[in-house]
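First comes the structure, then the notes that go with it.
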Amino acid sequence: MELKYLNNCEMISHYIGEVFQRIFNESSNSLGLKLIYDVSHNIAKFEEHRVGRNFKKLLVHRKGATRAFPPKHPALPHAYRLIGQPVLIPGDMGRCSYVLVGTDQAIEKSFGSTCHGAGRLMSRKQAKRIAKGRNIEDELRKKGIEVRGASHNTIIEEMPDAYKDVSEVVDIVANVGISQKAAKIRPIGVIKG
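Oh and the sequence shown: position 193 is 228 in this note's numbering, straight run, nothing missing.
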């Protein structure tokens, strides 16, 4: 299963490169585009974890969660070995997002996992109903945030009111000790497909 997933990732990356080639008439390499960090929040991976007194190979399924390995963890790439696993916790379109790093407590408490976002407060259908008569794009623009979307409907489905406050969620994650705050990022532009 893991090999199939990795093959799919490679194919997607390849096709994205082809799209850039078509749009810009240059390859992504010649445009200087480089992947800084990639994270998955719906994945199953075979990993070694302590269960009781022994280490066991487990299939860790993270749904709406992401890895949060501590510094010096052997599964981390060399670039992150000293600082720990980068953890990206996106907020909604109108509020901040966070960069955190994994901790030893994450290994002990959650198989090296943490949340990936705040989670929805309401369904897409509810968001559409509540947003009736509102111009979410203008509301965001007044906050200094430019938004582009495939349609007005896709934007209202994802309006800030539809999500929990990510800052509250990140505070909980940090207080529990499964991730440590590194940076808070404010949105200036949002693209919603």
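For glycine and all other residues, C-beta sits at the position ideal for the given N, C-alpha and C.
As the structure is a prediction and not an experimental result, all values here were calculated from the model.
Rounding to the nearest angstrom, what Cα-Cα distance links Pro109 and Asn64 in this structure? 30 Å
C-beta atoms of Glu192 and Ala162 nearer than 7 Å: yes
When you compare each of Ala166, Lys69, Arg155 to Lys199 by their alpha carbons, which one comes out closest? Arg155
If you count every other CB in all the chains shown that lies within 10 Å of the CB of Val54, and 16 or more means buried, which is it? exposed
Quick check on the DSSP output: the alpha helix (DSSP H) that includes Lys199 runs from which residue to which? Where Lys199 is concerned, there is no enclosing alpha helix (DSSP H), given that its DSSP letter is neither H nor E.
Select from Met157, Leu123, Asp173 the residue whose C-alpha is nearest the C-alpha of Cys150. Leu123
Got a sec? Which residues, its chain only, sit under 6 Å from Glu83 by beta carbon, not counting five neighbours each side? Phe90, Lys92
What are the boundary residues of the beta strand (DSSP E) that includes Asn60? It is not in any beta strand (DSSP E) - Asn60 carries neither H nor E in the DSSP assignment.
Pick helix, strand or coil for Ile124, following the three-state DSSP scheme. strand
Backbone CA spacing between Gly179 and Arg85 [nearest angstrom]: 47 Å
Alpha carbon to alpha carbon, how far is Asp73 from Ser132? Give it in angstroms, no decimals. 16 Å
Return yes when the Cβ of Lys107 is within less than 7 Å of the Cβ of Val95, no when it is not. no
My parser needs the alpha helix (DSSP H) runs of 4 or more residues fully inside the stretch 45-99; what are they? none
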